[in-house]
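**Student:** Heads up: the sequence shown begins at 0 in numbering that gives the first Met the number 0, then just goes up one per residue.
All C-beta atoms in this analysis are idealised placements derived from N, C-alpha and C, irrespective of residue type, glycine included.
Given the structure is predicted, the values throughout are model-derived calculations rather than measurements.
Could you have a look at this structure, given as structure tokens, before my questions?
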Amino acid sequence: MKTIPELFSAAAEKAPNAKIHFPNDGIMTYEEIELETRKAATGLAKLGVGPGDRVGFWLPNLRAYLGLLGACGQLGAIAVAMNTRFRKAEIEDVLGRVQPKVMAFVPGVGRWNHIDILLQVEPSLLSCLSAVVQCEGEQLCSLDQVNNYSYASIINNPPIKISRAKPEASFCIFNTSGTTSLPKFVLHNQERVVRHAEDVVNILAMEQPKTMVLQSLPFCGVFGFIFLLSSIRAGASFVMPPIFEAHESAKYTLSFDVTHIAGGDDMFSRLLEEGIKLTNNRPVPFPTLRFCPYASFNSALADFPVVAYRRGLPLVGPFGMSEVFSFFSMRRMNDPETLRTVGGGFPANSTAKIRARDPDTGVLLPHGREGELEVWSPNIFVGYYGNEEATQAAFTKDGFLKTGDLGSTCEDGSFTYLGRMGDVLRLGGFLVNPLEIEMHLCSHEQVKDAQVVAVATKRGMRPVAFILAEHSKGKFSENLLIEYCKDALAGFKIPIRILEIDAFPTTPSPNGTKIQKGALRKLAIETI
């Protein structure tokens with residue numbers, strides 16, 4: 000199996016009784032989904048979509064997402080993931096640099112009105128579109144310059160007879176967050192997507208009987224996308240709500256006997272809270288769960304795994320990035336609890352390789368020494384779309400991807416992820432994970448959350464902390480918190496300033512809201 004159409008047809012053949020539950024759109028089998036992908040392929044082909052053409056997916060997790068995704072595979076076209084929270088600037092960037100021929104969209108998601116955003120887009124940038132496909136709403140929205148077709152009309156076609164899929168055909172593009180440059184567009188081909196999905200099926204044991212997956216993550220990010228594709232590869236039944244909503248997701252988990260959920264700490268925290276309410280404080284609210292791949296984004300929830308384990312949530316830490324997909328590696332369920340949710344683990348693909356390099360000397364490091372992680376896998380990305388220079392710069396001469404992550408390797412073949420190199424602080428000549436300082440600050444009753452950055456001073460790089468204060472525990476005192484740090488941390492880790500802030504600057508991502516460390520660093524420099 001090497002192509003996307005083979006992925007869908009294999010699921011239809013191996014799992015005829017599996018069910019895909021769309022809370023707002025009924026129940027389908029894999030056979031019905033596979034047929035719909037071929038009908039959608041005919042519909043897109045009529046709009047001029049062929050091999051190498053890009054199709055924008057500005058969609059929540061809808062049935063149409065599956066149909067159009069499979070259709071792109073059939074046609075050898077490229078699915079371009081677009082976050083539903085994108086506004087005018089991000090949409091213009093995709094239109095200008097990726098130039099999709101067709102874009103699938105919904106009129107709005109939550110408080111985001113997509114029609115209003117499209118009407119604000121520079122008209123010349125819409126010229127790349129031959130059509131848009133509206134995937135929700137009975138009445139088509141009127142858009143100047145662009146023909147609008149309903150998804151119903153796209154699948155109201157005979158199934159495509161001849162697939163144009165090839166293993167090496169480019170298949171999907173994901174948008175990376177830009178820090179010092181514009182976002183890059185990460186390109187993967189069909190064979191590598193399918194092969195990685197198969198690897199993930201194995202590490203998550205998704206072919207076990209009675210597997211039921213909750214697709215809680217948006218497909219516009221690699222975390223949710225690979226979780227979806229792996230579910231299809233396994234022929235697993237799954238529930239697919241359009242967006243994550245904690246109360247509804249807790250109800251789905253209970254009523255469908257869900258076994259697999261992936262998500263971030265914020266998501267699992269809210270899910271557990273709702274599960275406890277719905278089960279009247281049952282000690283283990285979700286007894287059917289087997290695997291919960293878990294990513295940590297919020298330093299204020301650093302202790303959440305302890306609470307989760309007591310409540311029976313089988314959290315386990317994966318590692319991933321857009322260039323190597325989510326679930327590049329994962330911890331094992333029999334690891335000690337203190338290690339099980341730490342990013343890293345064992346590679347999903349048995350031939351993958353990981354090493355660490357000293358960022359200052361360029362020397363490869365022995366096991367246990369911290370440096371920049373470099374990885375190789377047969378499932379690694381093809382390159383950055385339209386940016387050959389960035390593609391070449393991302394790799395070492397011998398073909399390893401420079402991840403930009405800090406970590407260390409272990410003798411048993413696993414590795415530990417510590418943080419982004421850009422976030423890691425060089426203090427007193429040592430590499431310091433800011434989470435260590437943040438967690439200590441959050442342990443004080445006056446602190447709800449904390450973020451730490453480093454700034455250059457006459458005494459070298461020094462940490463500066465920003466906190467959200469808990470005013471119910473007394474008036475915020477910077478001196479008190481600095482003394483609190485002096486009692487527990489090495490001198491070079493003690494913040495020279497601890498500044499109260501109303502809210503951290505953030506940016507949305509498919510996996511959760513990310514704090515903009517760069518904006519905090521700029522504010523720290525201005526303040527100091």
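Scan the stretch 146-190 and note each continuous alpha helix (DSSP H) run of 4 residues or more that stays entirely inside, going in chain order.
**Tutor:** 150-154
**Student:** Measure from the alpha carbon of S169 to the alpha carbon of each residue in K183, S162, R191 and P157, then state which is nearest.
**Tutor:** R191
**Student:** Could you give the residue range of the beta strand (DSSP E) that holds Q73?
**Tutor:** Counting along the chain, Q73 falls outside any beta strand (DSSP E), though it belongs to the alpha helix (DSSP H) covering R62 to L74.
**Student:** For N174 and P182, which I take to be in contact (beta-carbon distance under 8 Å), what is that distance rounded to the nearest angstrom?
**Tutor:** 5 Å
**Student:** Let me know the secondary structure DSSP gives F267 once reduced to three states.
**Tutor:** helix
**Student:** For a test of the three-state rule: what should DSSP assign to S236, helix, strand or coil?
**Tutor:** strand
**Student:** Find the nearest neighbour of N82 within the set G109, I275 and G220, judged by alpha-carbon distance.
**Tutor:** The option with the nearest alpha carbon to N82 is G220.
**Student:** Between E437 and N333, what straight-line distance do the alpha-carbon atoms span, to the nearest angstrom?
**Tutor:** Cα-Cα distance, rounded: 29 Å.
**Student:** Starting from the Cα of D528, find the closest Cα among N23, L186, E499 and R86 and give me that residue.
**Tutor:** No answer is possible for residue 528: it lies beyond the span of the chain, which begins at 0 and ends at 527.
**Student:** Taking I32 as the reference, which of P158, G47 and E137 has the closest Cα?
**Tutor:** P158
**Student:** When we look at the beta-carbon of Q391 and count the other beta-carbons within 10 Å, is it buried (16 or more) or exposed?
**Tutor:** exposed
**Student:** Look up K536 in the DSSP assignment and say whether it is helix, strand or coil.
**Tutor:** The structure shown does not extend to residue 536, since the chain spans only 0 to 527, so no value can be given for it.
**Student:** If you pair each beta-carbon of the stretch 113-128 with each one of the stretch 197-214, do three or more pairs fall below 8 Å?
**Tutor:** With the cut-off at 8 Å, the stretch 113-128 and the stretch 197-214 do not touch.
**Student:** As a quick exercise: from G403, A502 and P240, pick the residue whose alpha carbon is nearest that of F25.
**Tutor:** Before going further, note that residue 25 is Gly rather than Phe in the sequence given. Ranking G403, A502 and P240 by Cα distance to G25 puts P240 first.
**Student:** Using the three-state DSSP reduction, which class does G384 fall into: helix, strand or coil?
**Tutor:** The sequence as given places Tyr at residue 384; Gly does not occur at that position. Coil at Y384, not helix or strand.
**Student:** Using only alpha-carbon positions, find the residue among Y416, Q189, D92 and S230 that is nearest to Q201.
**Tutor:** The question names Gln, but residue 201 is Asn in the sequence shown. For N201, the nearest C-alpha among the options comes from S230.
**Student:** Ignoring anything shorter than 3 residues, give me the beta strand (DSSP E) runs that lie fully in the stretch 75-149, in order along the chain.
**Tutor:** Counting whole runs of 3 or more residues, the stretch 75-149 contains the beta strand (DSSP E) stretches 77-80, 101-104, 130-133 and 147-149.
**Student:** For F285, name the three-state secondary structure that DSSP assigns.
**Tutor:** coil
**Student:** Is E30 near A11, with beta carbons less than 8 Å apart?
**Tutor:** yes
**Student:** How would you label V374, buried or exposed, when you count the other beta carbons within 10 angstroms and need 16 or more for buried?
**Tutor:** Around the C-beta of V374, 16 or more other C-beta atoms lie within 10 Å, and the residue is accordingly described as buried.
**Student:** Would F7 be called buried (16 or more neighbouring beta carbons within 10 Å of its own) or exposed?
**Tutor:** The residue in question, F7, is buried, as its Cβ has 16 or more Cβ neighbours within 10 Å.
**Student:** What did DSSP end up calling M211 once you bin it into helix, strand or coil?
**Tutor:** strand
**Student:** Using a Cβ-Cβ cut-off of 6 Å (strictly less than) and excluding sequence neighbours within five positions of N146, which residues of its own chain qualify?
**Tutor:** A130
**Student:** Could you please give the first and the last residue of the uninterrupted alpha helix (DSSP H) stretch that includes T415?
**Tutor:** Premise fails: T415 lies in the beta strand (DSSP E), F414 to R419, not in any alpha helix (DSSP H).
**Student:** For C441, report the span of its alpha helix (DSSP H) as first-last.
**Tutor:** P433 to C441
**Student:** Less than 8 Å between the beta carbons of I3 and G72, yes or no?
**Tutor:** yes
**Student:** So, helix, strand or coil for P346, using DSSP?
**Tutor:** In this structure, P346 counts as strand in the three-state DSSP scheme.
**Student:** I want to see whether chain B comes within less than 8 Å of H195, judged by CB atoms only; does it?
**Tutor:** Any reference to chain B falls outside this structure, which holds one protein chain only.
**Student:** Just the Cα atoms here: how many angstroms apart are G342 and E137?
**Tutor:** 44 Å
**Student:** Counting beta carbon pairs with one atom in the stretch 277-291 and one in the stretch 256-264, are three or more of them shorter than 8 Å?
**Tutor:** yes
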